[in-house]
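Peer 1:
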Amino acid sequence: MIKKARFIISNTDHNKCPAPDKPEFAFIGRSNVGKSSLINMLTNHKDLAKTSGKPGKTQLINHFLIDDKWYMVDLPGYGFAKISKDIKSTWEKMIADYMKSRPNLVAVCILVDSRLEPQKIDLEFILWCAQSDLPFVLVFTKADKQGKTKTDANVRAFLDKMIEMFDDEPQYFVTSAEKATGREELTTFIQNEVQEYLDGN
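The numbers in numbering that gives the first Met the number 0 rise by one with no breaks, and the one at position 125 of the sequence shown is 124.
So, in structure tokens, the structure goes:
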């Protein structure tokens, strides 16, 4: 489990991010997917990441240092409809520049709303990650918001799309920020990856 988490820095420029000397895990998803709530749940901090009922709250690259060993990075959500095209393209460039410039980026945790059928914008972002050779895992959120049968069906439909696209299904986690579902599985995965990274460097 995560014992310590502290905010380090916010940036719009990937060149001003912390030195890439620790393994890093980026969290990103469609706006309003529950990213801040998930980060707070994983770190056991009520307000480490600022939550909001309004999409588009995160507008910067936010670095948090976890257990003095690795970085958790909170990225702006994609697909926020109510912002201008200029801001949208600035955000997209900022995210792409950051992701492609961090040699210490171990995995992109792509958050997917488990209440929804597969969304085109999520599939497009995943494809972009794959084409950019960025390692990713899927994190299904809000699993407590409907019955298990519905969650399972939506997760399965999404994984079937992944098999269609890649002939394989990626590693995935089903979570609920409210009930702390998936916390142990996701933090164990990250901690194992952190150890592997540290052993290899």
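Every residue gets a Cβ at the ideal spot worked out from N, C-alpha and C, and that includes glycine.
Keep in mind that this is a model prediction, so the values were computed, not measured.
Is the distance from the Cβ of residue 119 to the Cβ of residue 69 below 7 Å?
Peer 2: Along the sequence shown, read from residue 1 onward, the residue named residue 119 stands at position 120. Along the sequence shown, read from residue 1 onward, the residue named residue 69 stands at position 70. No, Cβ-Cβ distance for residue 119 and residue 69 is not below 7 Å.
Peer 1: In angstroms with no decimal places, state the Cα-to-Cα distance between residue 180 and residue 46.
Peer 2: Here residue 180 refers to the residue found at position 181 of the sequence shown. Here residue 46 refers to the residue found at position 47 of the sequence shown. If I take the Cα positions, the gap works out to 18 Å.
Peer 1: Do residue 110 and residue 138 have their beta-carbon atoms positioned less than 7 Å apart in this structure?
Peer 2: The sequence position of residue 138 within the sequence shown is 139, counting from 1. The sequence position of residue 110 within the sequence shown is 111, counting from 1. Taking 7 Å as the Cβ cut-off, residue 138 and residue 110 qualify as a contacting pair.
Peer 1: Hey, is the stretch 137 to 154 in contact with the stretch 166 to 178, meaning 3+ C-beta pairs nearer than 8 Å?
Peer 2: Touching, yes, given that three or more Cβ pairs across the two stretches are closer than 8 Å.
Peer 1: Less than 6 Å between C-beta atoms, sequence neighbours within five positions excluded: which residues of the same chain meet that for residue 185?
Peer 2: Taking the first residue of the sequence shown as 1, we reach residue 185 at position 186. Around residue 185: 172.
Peer 1: Consider the C-beta atom of residue 100 and the heavy atoms of the ligand ZN; say whether any pair is separated by less than 6 Å.
Peer 2: Among the components modelled here there is no ligand, and therefore nothing to report on the ligand ZN.
Peer 1: Is the beta carbon of residue 133 less than 7 Å from the beta carbon of residue 105?
Peer 2: Position 134 of the sequence shown, counting from 1, holds the residue named residue 133. Position 106 of the sequence shown, counting from 1, holds the residue named residue 105. No. Outside cutoff.
Peer 1: Do three or more CB pairs link the stretch 155 to 162 to the stretch 17 to 36 at distances below 8 Å?
Peer 2: In short, these stretches do not touch, since the Cβ pair count stays below three.
Peer 1: Take residue 168 as the anchor and find which of 89, 73, 3, 135 has the nearest alpha-carbon.
Peer 2: Here residue 168 is taken as the residue at index 169 of the sequence shown, counted from 1. Of the candidates 89, 73, 3, 135, the one whose C-alpha sits nearest the C-alpha of residue 168 is 135.
Peer 1: Looking at the secondary structure, which residues open and close the alpha helix (DSSP H) in which residue 121 lies?
Peer 2: Numbered from 1 along the sequence shown, position 122 holds the residue referred to as residue 121. Unbroken alpha helix (DSSP H) run through residue 121: 119 to 130.
Peer 1: Compare the C-alpha of residue 160 against each of 126, 94, 88 and name the closest.
Peer 2: Sequence index remark: in the sequence shown, residue 160 carries index 161 (1-based). Nearest of 126, 94, 88 to residue 160, Cα basis: 126.
Peer 1: How is the alpha helix (DSSP H) around residue 202 delimited, first residue to last?
Peer 2: Residue numbering for the chain in the displayed model covers 0 to 200; residue 202 lies beyond these limits and cannot be assessed.
Peer 1: Less than 8 Å between the CB atoms is what I'm expecting for residue 131 and residue 76, so what's the real figure, rounded?
Peer 2: Sequence index remark: in the sequence shown, residue 131 carries index 132 (1-based). Sequence index remark: in the sequence shown, residue 76 carries index 77 (1-based). About 18 Å separates the two Cβ atoms, so there is no contact after all.
Peer 1: Residue 13 to residue 149, Cα distance in whole Å?
Peer 2: For this step, residue 13 is matched to residue 14 along the sequence shown. For this step, residue 149 is matched to residue 150 along the sequence shown. C-alpha separation (whole angstroms): 39 Å.
Peer 1: In whole angstroms, what is the alpha-carbon distance linking residue 10 and residue 16?
Peer 2: Translated into the one-based positions of the sequence shown, residue 10 becomes position 11. Translated into the one-based positions of the sequence shown, residue 16 becomes position 17. Their backbone Cα atoms lie some 7 Å apart in a straight line.
Peer 1: Taking the C-alpha atoms as reference points, what is the distance between residue 8 and residue 40?
Peer 2: Looking up residue 8 in the sequence shown gives position 9. Looking up residue 40 in the sequence shown gives position 41. Distance between the alpha carbons of residue 8 and residue 40: 20 Å.
Peer 1: From residue 59 to residue 38, what does the alpha carbon distance come to, in whole angstroms?
Peer 2: As a working note, residue 59 is residue 60 in the sequence shown. As a working note, residue 38 is residue 39 in the sequence shown. Looking at the two C-alpha atoms, the distance is approximately 15 Å.
Peer 1: Whose C-alpha, out of 72, 200, 26, is nearest the C-alpha of residue 5?
Peer 2: The sequence position of residue 5 within the sequence shown is 6, counting from 1. That would be 72, whose Cα lies nearest to the Cα of residue 5.
Peer 1: Here's the rule I'm using: 16 or more other beta-carbon atoms within 10 Å means buried, otherwise exposed. How should residue 48 be labelled?
Peer 2: Walking along the sequence shown from the start, residue 48 turns up at place 49. By the neighbour-count rule (16 or more Cβ atoms within 10 Å), residue 48 is buried.
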